[in-house]
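Here's the structure, in structure tokens; my notes come after.
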Amino acid sequence: MRFLGTLMLFALAPYCMAQNWAVGVDGGYGVYHDVTIKNGGASADAGFGSRFAAGAVLTEDMYNHVGGELRYAFRDGDSELSSNGHKVNMDGFAQAIHYDFLFYATPRHTRLRPFVAAGAGIKRYDATSHVAQSFGNLGTLTHAHQVEGMLSVGGGLKVALSDRWVLRLDFRDYATPLPDKLFAPAMTANVHGWLHDFVPTIGVDWTFGAR
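Those letters in the sequence shown? Residues 1205 to 1415, per the working numbering, in order.
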């Protein structure tokens, strides 16, 4: 399941030779901005631990200044509830598949190509520990998985290393609602905000097809 997105990207590649395409891999480190769970006068931060990120991408340059990417991202990170120095957590990870439109500042075939990106997709959260962790009257971490709709925004820079190889620096903000099956807020508790997953990565692309 973790490498489903990668396999899908490479399976599609032989059918894409008529256009300007690239396949690539990347890695980095992601940091979450938590949501808040409140119940009466008590509150806790709900989110995931900061851990490594890895992914794969299939890119098409449709026009000089517009492209698109199908991306797969794997995010390690425990589910966590914390407040006033007290914390409970469960082992977990997340996977995302999304499509982003890219808007380049420079035309195709230039060496440096800054871009902004925006798109949408889905993100699946998995908590793998089997022992539930209760956090008072705010919520309980549970063994579960859940798929949420996801918004993706960000940008980056592509640097041509040769005719076929491209170094890329990316930053994405992956935003989803809190997966409440994993966090199970108490009946009288309220969830405030969305989860934001800030993920900088460095990667390499191999280009193919017409140029």
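In this text, a Cβ means the ideal position worked out from N, Cα and C, and glycines have one as well.
For clarity, every value in this text was computed on a predicted model and none was experimentally measured.
Q. How would you call SER1356, buried or exposed, if buried means at least 16 neighbouring beta carbons within 10 angstroms?
A. Within 10 angstroms of the beta-carbon of SER1356 lie 16 or more other beta-carbons, which makes it buried.
Q. Should TRP1410 be labelled buried (16 or more other beta-carbon atoms within 10 Å of its own) or exposed?
A. When all chains shown are included, TRP1410 counts as exposed.
Q: Apply the 10 Å Cβ neighbour rule to ILE1241 and answer buried if 16 or more other Cβ atoms are within range, or exposed otherwise.
A: The residue is buried, with at least 16 neighbouring Cβ atoms inside 10 Å.
Q. Which runs of the alpha helix (DSSP H) fall wholly inside the region 1256-1302 and span at least 4 residues, in chain order?
A. Counting only runs of 4+ residues, no alpha helix (DSSP H) is found wholly inside the region 1256-1302.
**Q.** Nearest neighbour of LEU1382, chosen from HIS1400, LYS1291 and SER1338 [CA to CA]
**A.** If we check each option's Cα against that of LEU1382, HIS1400 comes out closest.
Q) Just checking my contact of GLY1325 with ARG1279 at CB under 8 Å: how many whole Å lie between their CB atoms? A) That belief does not hold up - the Cβ atoms of GLY1325 and ARG1279 are roughly 13 Å apart, past 8 Å.
Q | Endpoints, beta strand (DSSP E) assigned at LEU1342 | A | Taken as a continuous stretch (DSSP letters only), LEU1342 belongs to no beta strand (DSSP E), as it is neither H nor E.
Q) To which residues does DSSP link TRP1225 through a beta bridge? A) Answer is GLU1264 and PHE1412.
(Q) Can you tell me whether LEU1365 is helix, strand or coil according to DSSP? (A) Taken through DSSP and simplified to helix, strand or coil, LEU1365 comes out as coil.
Q | VAL1351 versus TYR1329 - alpha carbon distance | A | Rounded to whole angstroms, VAL1351 to TYR1329 spans 6 Å at the Cα level.
Q) Would you call the CB atoms of GLY1272 and ASP1304 closer than 8 Å? A) A contact, by the Cβ cut-off of 8 Å.
Q: Buried or exposed for ARG1368, please, with buried defined as at least 16 other CB atoms from any protein chain shown within 10 angstroms of its CB.
A: Exposed.
Q. The beta strand (DSSP E) with LEU1316 in it runs from where to where?
A. Per DSSP, the unbroken beta strand (DSSP E) holding LEU1316 starts and ends at 1316-1331.
**Q.** Option in GLY1251, ALA1226 and ASN1341 with minimal Cα separation from GLY1379
**A.** For the sequence presented, residue 1379 should be read as Ala rather than Gly. Selected option, being the one with the closest Cα: GLY1251.
Q: Whole angstroms is fine: what's the gap from ILE1406's alpha carbon to GLY1359's?
A: Straight-line Cα distance between these residues: approximately 12 Å.
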